[in-house]
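Residue numbering for the sequence shown follows the working numbering, beginning at 58 and increasing consecutively.
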Amino acid sequence: FFLMDQLLLGESYCQEAVNRVTFVCPRVLVPRAKCMAEESQECKDKCHNWASCTCHIPAPGTLVECFGETHLAGTSCSSGMPSECQYIRAPKVATYNWALAPNQVERCAEVKFCDVDMCRVKNRSCPARHTCEDEGVCIKADARCFYIPKVDGASCDDGLDYTTNDQCRDGLCLGSDDLCKKHDVQCNPPNDCLTGGTCHTATGFCMYDHLPVGSPCDDGILYTTNDTCHEGGICAGEEQNLCSAPLEGSTPVQCTSNSVCVLPGSCDPYNGACTFSDAEDDTPCEEGEVVGQCVGGKCMGNLG
């Protein structure tokens with residue numbers, strides 16, 4: 058009968074002695090507290106809770122032989138195992154010096170039968186993967202990390218420079234988009250009747266202050282005069298015909314042709330420019346000493 062917080066090691070010793078030289082099989086109890094002791098943890102780090110490793114002395118005076126492998130993948134008992142990890146049992150032979158080694162079990166041998174801690178074997182740590190998780194807990198049985206999300210509303214940082222008020226929600230870090238920053242909105246006033254310019258973060262739209270109605274402005278349109286500000290921050294002027302009512306100090310536009318082969322032009326009232334068209338080819342013409350026919354808007358003399 059043994060207490061629940063203790064481990065019986067003797068049976069495991071004897072099972073490993075099958076088909077080998079007869080070994081001493083001590084019945085040893087190791088309290089679980091000893092498995093958690095600092096010395097035991099050091100042994101786990103060094104020996105990796107070796108699994109099927111069996112070490113023994115084939116005969117008095119011979120070297121220790123080890124077989125099997127540790128829990129750490131690729132590490133065999135026969136290559137590079139620290140001496141502290143060698144689990145040695147003395148054979149029952151008459152010539153063996155029992156006074157020198159009545160039961161050769163190294164310092165770390167008992168750790169083999171403690172619960173394996175794969176977190177120590179794999180040197181596994183569980184840092185938080187993002188700001189809405191606390192540091193994780195490593196599961197000793199398989200070295201998996203278990204994480205617990207922070208409570209909703211906890212402050213975090215989603216790593217985006219265009220979000221504000223970042224908070225944890227269902228384990229995710231979410232913030233409110235600042236559409237002005239996200240789309241790099243520049244609120245430059247589009248006309249003379251608007252001033253300032255502030256971007257609304259929730260919509261990305263610009264808001265402006267309006268100049269008083271009647272304030273002078275320039276709508277940028279050539280054919281308007283007396284431009285002033287109107288309701289809604291709109292700059293508008295009075296339209297004028299630049300052909301018949303040109304700018305002050307000028308005369309009405311006359312679209313007179315300077316060639317008999319170019320028809321009188323028409324004036325564009327929005328810019329005051331004349332547009333001309335050529336007379337039909339073969340139209341008789343006389344221009345200075347040239348007498349002939351129009352060709353491509355020019356008076357060409359007849360061939361003799």
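Quick reminder that beta carbons are idealized off the backbone N, C-alpha and C, glycines included.
- prompt: So D276 packs on G294, CB below 8 Å; how close in whole Å?
  reply: One-based indexing of the sequence shown puts residue 276 at position 219. One-based indexing of the sequence shown puts residue 294 at position 237. With a Cβ gap of about 5 Å, D276 and G294 count as contacting.
task: Using the Cα positions of N154 and C171, report the straight-line distance between them to the nearest angstrom.
output: Within the sequence shown, the letter at position 97 stands for residue 154. Within the sequence shown, the letter at position 114 stands for residue 171. With a pLDDT of only 47 at N154, under 50, the local geometry of the prediction cannot be trusted, and the value read off the model is given with reservation. Their Cα atoms are separated by approximately 30 Å.
Contained beta strand (DSSP E) runs [length at least 3] in the segment 233-290, N- to C-terminal order: 251-256, 263-267, 281-287
- request: Just tell me which of V178, R226, C256, K238 has its CA closest to the CA of C195.
  value: For the purposes of this step, residue 195 is taken as the residue at position 138 of the sequence shown. When only C-alpha atoms are compared, the closest one is V178.
field: N- and C-terminal bounds of the alpha helix (DSSP H) containing K103
entry: Along the sequence shown, one-based indexing puts residue 103 at 46. Residues 95-104.
Outcome for S97 when other beta-carbon atoms lying within 10 angstroms are tallied against a minimum of 16: Within the sequence shown, numbered from 1, the residue matching residue 97 stands at position 40. Burial call: buried.
- prompt: Between which two residues does the alpha helix (DSSP H) containing R226 stretch?
  reply: Here residue 226 refers to the residue found at position 169 when the sequence shown is read from its first residue. Here R226 belongs to no alpha helix (DSSP H); instead the beta strand (DSSP E) covers 220-226.
- prompt: What do you get for N106, buried or exposed, if any count of 16 or more other CB atoms within 10 angstroms of its CB means buried?
  reply: Within the sequence shown, numbered from 1, the residue matching residue 106 stands at position 49. With 16 or more other Cβ atoms within 10 Å, it is buried.
- request: Run the CB neighbour count on L157, radius 10 Å, all protein chains shown included, and call it buried at 16 or more, exposed below.
  value: By one-based count along the sequence shown, residue 157 stands at place 100. Interpretation of L157 is limited by its pLDDT of 48, a score under 50 that renders its predicted location unreliable; the figure taken from the coordinates is listed afterwards. Exposed, by the Cβ-count rule.
Beta-carbon gap between C292 and G271 smaller than 9 Å: In the sequence shown, the residue the question calls residue 292 occupies position 235. In the sequence shown, the residue the question calls residue 271 occupies position 214. No, they are not a contact pair.
query: Apart from the five residues on each side of it in sequence, which residues of its chain come closer than 6 Å, Cβ to Cβ, to D215?
result: The sequence position of residue 215 within the sequence shown is 158, counting from 1. Closer than 6 Å at Cβ, skipping near neighbours: D223, C230, G232.
task: Kindly list the residues whose CB is nearer than 8 Å to the CB of H128, restricted to its own chain and excluding five residues on each side of it in sequence; keep chain order.
output: Here residue 128 refers to the residue found at position 71 when the sequence shown is read from its first residue. Within the same chain, H128 has close Cβ partners H105, N106, W107, A108, V173, M175, V178.
- prompt: For the alpha helix (DSSP H) that contains K91, what are its first and last residues?
  reply: As a first step, residue 91 must be located in the sequence shown, where it is residue number 34. 89-92 is the span of the alpha helix (DSSP H), which, as asked, contains K91.
message: Is it buried or exposed, A336, if we count other Cβ atoms within 10 angstroms and call 16 or more buried?
response: Residue numbering aside, residue 336 sits at position 279 when the sequence shown is read from its first letter. Classification for A336: buried.
- prompt: Using the C-alpha atoms, what's the distance from T281 back to G254?
  reply: In the sequence shown, counting from the first residue as 1, residue 254 sits at position 197. In the sequence shown, counting from the first residue as 1, residue 281 sits at position 224. Each residue's alpha carbon lies about 27 Å from the other.
message: According to DSSP, C195 sits in a beta bridge with which residue or residues?
response: For this step, residue 195 is matched to residue 138 along the sequence shown. Paired residues: C202.
query: Per DSSP, what kind of secondary structure is V173 in: helix, strand or coil?
result: Position 116 of the sequence shown, counted from the first residue, corresponds to residue 173. Coil, per DSSP.
- prompt: Is the beta carbon of R201 sitting closer than 9 Å to the one on C100?
  reply: Within the sequence shown, numbered from 1, the residue matching residue 201 stands at position 144. Within the sequence shown, numbered from 1, the residue matching residue 100 stands at position 43. It is not a contact, given that the beta carbons lie outside the stated cut-off.
- request: List the residues that DSSP assigns as beta-bridge partners of G349.
  value: Within the sequence shown, residue 349 is the residue found at index 292, counting from 1. Answer is C342, G358, bridged to G349.
query: Among residues of its own chain, excluding the 5 on either side of V242, which ones have a beta-carbon nearer than 6 Å to its beta-carbon?
result: Here residue 242 refers to the residue found at position 185 of the sequence shown. Result list for V242: C256, G261, in chain order.
- prompt: Mind checking whether C300 and D284 have CB atoms under 9 Å apart?
  reply: Counting from one through the sequence shown, the residue named residue 300 turns up at place 243. Counting from one through the sequence shown, the residue named residue 284 turns up at place 227. No, they are not a contact pair.
Own chain residues within Cβ distance below 8 Å of N298, not counting five before or after: Here residue 298 refers to the residue found at position 241 when the sequence shown is read from its first residue. Taken in chain order, the residues that qualify are Y280, P326.
message: Which same chain residues end up closer than 7 Å to S314 when comparing Cβ atoms and leaving out the 5 residues on each side of it in sequence?
response: Locating residue 314 in the sequence shown gives position 257, counting from the first residue. The beta carbon of S314 sits closer than 7 Å to the beta carbons of L320, P321, G322, F333 from its chain, once the five residues preceding and following it are set aside; these are given in chain order.
message: Just to confirm my understanding: we take D227, look at its own chain, exclude 5 residues before and 5 after, and list those with CB closer than 8 Å. What are they?
response: In the sequence shown, counting from the first residue as 1, residue 227 sits at position 170. Excluding positions up to five away in sequence, the list reads P206, D209.
message: Here's the rule I'm using: 16 or more other beta-carbon atoms within 10 Å means buried, otherwise exposed. How should D218 be labelled?
response: Translated into the one-based positions of the sequence shown, residue 218 becomes position 161. D218 should be labelled exposed.
- request: Pull up the CB-CB distance for C342 and C351, whole angstroms please, since I reckon it's below 8 Å.
  value: Position 285 of the sequence shown holds residue 342. Position 294 of the sequence shown holds residue 351. At roughly 5 Å, the Cβ-Cβ gap stays under 8 Å, so C342 and C351 are in contact.
field: Nearest-angstrom Cβ-Cβ length linking C237 and T221, presumed shorter than 8 Å
entry: As a first step, residue 237 must be located in the sequence shown, where it is residue number 180. As a first step, residue 221 must be located in the sequence shown, where it is residue number 164. With a Cβ gap of about 11 Å, C237 and T221 do not count as contacting.
query: What are the start and end residues of the beta strand (DSSP E) that includes C123?
result: If you number the sequence shown from 1, residue 123 lands on position 66. Here the beta strand (DSSP E) through C123 covers 122-124.
- request: Tell me whether G345 is buried or exposed, calling it buried when 16 or more other Cβ atoms sit within 10 Å of its Cβ.
  value: Residue 345 sits at position 288 when you count from the first residue of the sequence shown. Flag for G345 reads exposed.
task: Measuring alpha carbon to alpha carbon, tell me which of K169, C356, H240, R186 ends up nearest C110.
output: Position 53 of the sequence shown, counted from the first residue, corresponds to residue 110. Nearest option by C-alpha distance: K169.
- prompt: Short check: CB of C318 to CB of C356, under 9 Å?
  reply: One-based indexing of the sequence shown puts residue 318 at position 261. One-based indexing of the sequence shown puts residue 356 at position 299. A contact, by the Cβ cut-off of 9 Å.
- prompt: Quick one: is D235 buried, meaning 16 or more other Cβ sit within 10 Å of its Cβ, or exposed?
  reply: As a first step, residue 235 must be located in the sequence shown, where it is residue number 178. Per the 10 Å Cβ criterion, buried.
query: Hey, how far is the Cα of T188 from the Cα of S212?
result: Mapped onto the sequence shown, residue 188 falls at position 131. Mapped onto the sequence shown, residue 212 falls at position 155. When rounded, the distance between both Cα atoms is 8 Å.
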